[in-house]
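Below is one structure; the comments refer to it alone.
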Amino acid sequence: MINSKYFFQGFKSVKSFDSPAFALGASFIAIGALLKDIGFNLEQSIFSTFLTYALPGSLVMAESFLVGASLINIFLAVWLVNARLYPMTVSLMPLLLHKSQPRWKYYLSCHFIAVSAWLIMKSNYQSIEKKYRIDFWMGIGTGTWSIAIVSTIIGFLVSDYLNKDMMIGLAIVNPVYFACMMVGAMKSLQINLSIILGAILGPLFFFVSPEWSILYGGVLAGTLAYFVGEFK
Amino acid sequence: MSEMSSNIILVILVTSFATYLSRFLGVVSSEKIDAKSKIFRWFNCLAYSTLAALIARMIVFPVGALSEVDYLIRFIVILLSILIFYFTRKNVVYPTVFSAIILTFLKGYF
Numbered sequence: 001m002i003n004s005k006y007f008f009q010g011f012k013s014v015k016s017f018d019s020p021a022f023a024l025g026a027s028f029i030a031i032g033a034l035l036k037d038i039g040f041n042l043e044q045s046i047f048s049t050f051l052t053y054a055l056p057g058s059l060v061m062a063e064s065f066l067v068g069a070s071l072i073n074i075f076l077a078v079w080l081v082n083a084r085l086y087p088m089t090v091s092l093m094p095l096l097l098h099k100s101q102p103r104w105k106y107y108l109s110c111h112f113i114a115v116s117a118w119l120i121m122k123s124n125y126q127s128i129e130k131k132y133r134i135d136f137w138m139g140i141g142t143g144t145w146s147i148a149i150v151s152t153i154i155g156f157l158v159s160d161y162l163n164k165d166m167m168i169g170l171a172i173v174n175p176v177y178f179a180c181m182m183v184g185a186m187k188s189l190q191i192n193l194s195i196i197l198g199a200i201l202g203p204l205f206f207f208v209s210p211e212w213s214i215l216y217g218g219v220l221a222g223t224l225a226y227f228v229g230e231f232k
Numbered sequence: 233m234s235e236m237s238s239n240i241i242l243v244i245l246v247t248s249f250a251t252y253l254s255r256f257l258g259v260v261s262s263e264k265i266d267a268k269s270k271i272f273r274w275f276n277c278l279a280y281s282t283l284a285a286l287i288a289r290m291i292v293f294p295v296g297a298l299s300e301v302d303y304l305i306r307f308i309v310i311l312l313s314i315l316i317f318y319f320t321r322k323n324v325v326y327p328t329v330f331s332a333i334i335l336t337f338l339k340g341y342f
């Protein structure tokens, strides 16, 4: 069903020296502490990371919950901030698709699509035989997802001992990790332009519409980068 | 179950549905897309650009604890971290560890 050799190879890749374990752990410790602060109990905090597993969406959910937003508003705010998962999935799954593999693996393991696992897979897929890439991916996803869940528990349990400075220190780790991984991924004109234009246009569109800024800025930047790269 | 507790569970379910929806639709769309096609390359650009837009927004317009730090300090920390990333042959552990230390140091002085 799942090839254990490739699954564990993927699972172990989160242990490598340049793995996201530290950044991911620090970020979800902060989430665990935040969820406790806004009134979640331990089970609810675990349930939240278990089912959502997307950091920016969890932050938006916590903020919206705190101000008493309606369920529809929470849905829209989370969907908009997590809409990047759609192009991320479309740009990953065709690399993993193999006719001998059952479809349930793809529909189940798409839950693991998040920045950390996605970037690891994008930089490693060529070294894995295509038939077993989905098993390797499930290993990476299970590894990063487990780190997120365990870190949420740790964050919830130690939240009383975390002062404001510590929370700020934890909060910077995630954007720094993401920024370094993105800079490390800049290996072709199209990708370089996508990243540079996205980083400029995303915040610029915030002045037009804070909710839609990631989508507007991202789609415009990615499309411009695509056409420049294609016609170069 | 108290009203507060059932509210929280509803919020979690709505959040996870809103998140899974994009992933699910992504898999549905992927079934027909060839990894060597132009549309795949376009989606690849969109994935990197929306991620870059999100990361830039997290740094420029942060929510939560990071919003209490001056924007100049946030930029300095990010730039120093990227420099450390290059000097350590693209290792991500050093810049992530040092970023928290640099931030605490700078925040104490400015």
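The listed protein sequences correspond, in order, to chains U and E. Just so it is clear: in the first sequence, position 172 is 172 by the numbering used here, and no numbers are missing. For the numbering used here, add 232 to where a residue sits in the second sequence, where the first one is 1. Glycine included, every Cβ here is placed at the ideal spot set by N, Cα and C. Note that this is a predicted model, so its numbers are computed, not measured.
Residue j beta carbon less than 7 Å from that of residue i
i, j, result
"U:Leu-224", "U:Leu-189", "no"
"U:Ile-29", "U:Asp-135", "no"
"E:Ile-265", "E:Phe-256", "no"
"E:Phe-334", "E:Val-309", "The identity of residue 334 of chain E in the sequence shown is Ile, whereas the question assumes Phe. Yes, these two residues count as a Cβ contact at 7 Å."
"E:Ser-261", "U:Val-90", "yes"
"U:Met-138", "U:Phe-7", "yes"
"U:Gly-141", "U:Phe-11", "no"
"U:Ile-149", "U:Phe-22", "no"
"E:Cys-277", "U:Tyr-216", "no"
"E:Arg-247", "U:Gly-169", "In the sequence under discussion, the amino acid at residue 247 of chain E is Thr, which differs from the Arg named in the question. Taking 7 Å as the Cβ cut-off, E:Thr-247 and U:Gly-169 do not qualify as a contacting pair."
"U:Ala-26", "E:Ala-297", "no"
"U:Ile-195", "U:Met-186", "yes"
"E:Val-329", "U:Glu-63", "no"
"U:Gly-155", "E:Ala-285", "no"
"E:Val-259", "U:Tyr-106", "yes"
"U:Val-183", "E:Ile-314", "yes"
"U:Thr-146", "U:Ala-33", "Checking the displayed sequence, the identity of residue 146 of chain U turns out to be Ser instead of Thr. It is not a contact, given that the beta carbons lie outside the stated cut-off."
"U:Ala-221", "E:Ser-281", "yes"
"E:Val-243", "U:Phe-65", "yes"
"U:Phe-40", "E:Ile-240", "yes"
Own chain residues within Cβ distance below 7 Å of residue i, not counting five before or after
i, result
"U:Tyr-125", "Leu-95, Arg-133"
"U:Thr-52", "Ser-58"
"E:Leu-312", "Ile-334"
"U:His-111", "Tyr-53"
"E:Ile-287", "none"
"U:Tyr-177", "Pro-20, Ala-23"
"U:Val-60", "Ala-77, Val-78, Val-81"
Rounded Cβ spacing between residue i and residue j (contact assumed at less than 8 Å)
i, j, result
"U:Leu-55", "U:Asn-174", "6 Å"
"U:Leu-92", "U:Trp-118", "6 Å"
"U:Ile-38", "U:Thr-152", "About 13 Å separates the two Cβ atoms, so there is no contact after all."
"E:Phe-293", "U:Phe-206", "6 Å"
"E:Arg-289", "U:Ser-209", "Incorrect: roughly 12 Å between the Cβ atoms, too far for contact."
Own chain, CB closer than 6 Å to residue i, minus 5 neighbours either side, in chain order
i, result
"E:Thr-225", "The shown model of chain E, from 233 to 342, leaves out residue 225 of chain E, and the question about it has no answer."
"U:Ser-48", "none"
"U:Ile-128", "Phe-136"
"U:Gly-218", "Gly-198"
"E:Tyr-303", "none"
"U:Gln-101", "Ile-134"
"U:Met-234", "The shown model of chain U, from 1 to 232, leaves out residue 234 of chain U, and the question about it has no answer."
"U:Leu-71", "none"
"U:Leu-42", "Phe-156"
"U:Lys-130", "His-98"
"E:Glu-235", "none"
"U:Leu-35", "Ser-45"
"U:Met-181", "Leu-119"
Where the alpha helix (DSSP H) through residue i begins and ends
i, result
"U:Ala-69", "Per DSSP, U:Ala-69 belongs to no alpha helix (DSSP H) and is neither H nor E."
"U:Ile-214", "213–231"
"E:Phe-293", "Taken as a continuous stretch (DSSP letters only), E:Phe-293 belongs to no alpha helix (DSSP H), as it is neither H nor E."
"E:Arg-321", "Taken as a continuous stretch (DSSP letters only), E:Arg-321 belongs to no alpha helix (DSSP H), as it is neither H nor E."
"U:Met-166", "164–184"
"U:Val-14", "Note, U:Val-14: premise wrong, no alpha helix (DSSP H); not H, not E."
"U:Val-115", "115–124"
"U:Ile-134", "133–158"
"U:Glu-43", "42–52"
"U:Ala-21", "21–37"
Same chain, Cβ closer than 8 Å to residue i, five either side skipped, listed in chain order
i, result
"U:Val-228", "Leu-189, Gln-190, Leu-193"
"U:Ala-69", "Ala-77"
"E:Asn-323", "Phe-317"
Chain B contact for residue i (CB, 7 Å cutoff)
i, result
"U:Glu-63", "Structure shown: chain B not included; protein chains present are U and E."
| task | Give, in chain order, every residue of the segment 80–101 of chain U whose Cβ lies closer than 7 Å to some Cβ of chain E. | result | Asn-82, Ala-83, Arg-84, Leu-85, Tyr-86, Pro-87, Met-88, Thr-89, Val-90, Ser-91, Met-93, Pro-94, Leu-95, Leu-97
| Contact set between the segment 237–262 of chain E and chain U, restricted to residues whose Cβ is under 8 Å from the partner | Ser-237, Ile-240, Ile-241, Leu-242, Val-243, Ile-244, Leu-245, Val-246, Thr-247, Ser-248, Phe-249, Ala-250, Thr-251, Tyr-252, Leu-253, Ser-254, Arg-255, Phe-256, Leu-257, Gly-258, Val-259, Ser-261, Ser-262
| field | Cβ-based contacts, 9 Å cut-off: residues of the segment 136–170 of chain U near chain E | value | Lys-164, Asp-165, Met-166, Met-167, Ile-168, Gly-169, Leu-170
| said: Against chain U, which members of the segment 284–318 of chain E pass a CB distance test of less than 7 Å? | reply: Ala-284, Ala-285, Leu-286, Ile-287, Ala-288, Arg-289, Met-290, Ile-291, Val-292, Phe-293, Val-295, Gly-296, Ala-297, Leu-298, Glu-300, Val-301, Val-309, Ile-310, Ser-313, Ile-314, Phe-317
| Using Cβ-Cβ distances below 8 Å, what residues of the segment 174–185 of chain U are close to chain E? | Answer in chain order: Asn-174, Pro-175, Val-176, Tyr-177, Phe-178, Ala-179, Cys-180, Met-181, Met-182, Val-183, Gly-184, Ala-185.
| Residues of the segment 323–339 of chain E whose Cβ lies closer than 9 Å to any Cβ of chain U, in chain order | Asn-323, Val-324, Val-325, Pro-327, Thr-328, Val-329, Phe-330, Ser-331, Ala-332, Ile-333, Ile-334, Leu-335, Thr-336, Lys-339
| said: Short of 7 Å Cβ to Cβ, which residues in the segment 121–135 of chain U face chain E? | reply: none
| task | For the segment 23–35 of chain U, enumerate the residues whose C-beta is nearer than 8 Å to any C-beta of chain E, in chain order. | result | So the close ones are Ala-23, Ala-26, Ala-30, Leu-34.
| message | Tell me which residues of the segment 39–57 of chain U have at least one Cβ-Cβ distance to chain E shorter than 9 Å, keeping chain order. | response | Gly-39, Phe-40, Asn-41, Gln-44, Phe-47, Ser-48, Phe-50, Leu-51, Thr-52, Tyr-53, Ala-54, Pro-56, Gly-57
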